[in-house]
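Residue numbers (the working numbering): 40 to 176.
Even glycine gets a Cβ: it sits at the ideal position worked out from N, Cα and C.
Just below is one structure, and these are the notes that go with it.
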Amino acid sequence: MARSRKARESDIEEIALALPRTTKVPGWGGLPSYQVSRKFFVGYRTPRPDALDPDTGERLTDVVVFRVPDEGDKVALVSGDGPWFTTDHFNGYNAVLLRLAHLGRVSRAELAEVIEDAWCSQAPKTVVARWQDASTD
40 MARSRKARES DIEEIALALP RTTKVPGWGG LPSYQVSRKF FVGYRTPRPD
90 ALDPDTGERL TDVVVFRVPD EGDKVALVSG DGPWFTTDHF NGYNAVLLRL
140 AHLGRVSRAE LAEVIEDAWC SQAPKTVVAR WQDASTD
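Structure representation (structure tokens):
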């Protein structure tokens, strides 16, 4: 199996829009957000007081939010050695955060898996089943 290259910012949109029924809509502060059947699954976030640069104390301007299927998936991502994190604002919400500055720490394949899982967690079950069936053909 060929090794996947490092993820790039353009991969976020490419992967998200390749999934059935996905639309790109203005999200927080007009930043890009991706929905399936009008449900958010990934999007850029405006700077907030709960996510600060550890070196400067400034609000992070490069944060992307990804839905996750459940708390177990969230814990697995944020407790690993990868770049995924969360903040108190997301306690009780199935989502993880990633800084664009750290996007290269994940492969395109890993990014695709997280985005696809996010999409699956929000898409209608019949749409997910058809997509999964088509993906295995």
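Determine the DSSP secondary structure at THR100, reduced to helix, strand or coil.
coil
Where SER76 sits in the DSSP three-state scheme:
coil
Given 8 Å as the limit, is there contact between the region 92 to 108 and the region 77 to 84, that is, 3 or more CB pairs closer than that?
yes
Look at LYS78 and GLN171 and say whether their C-beta atoms are less than 7 Å apart.
no
With contact counted as at least three CB pairs below 8 Å, one residue from each stretch, are the region 64 to 72 and the region 130 to 149 in contact?
no
Exposed or buried, what is TYR132 when buried is set at 16 or more other beta-carbons lying within 10 Å of its beta-carbon?
exposed
Helix, strand or coil for ARG138? Go by DSSP, reduced to three states.
strand
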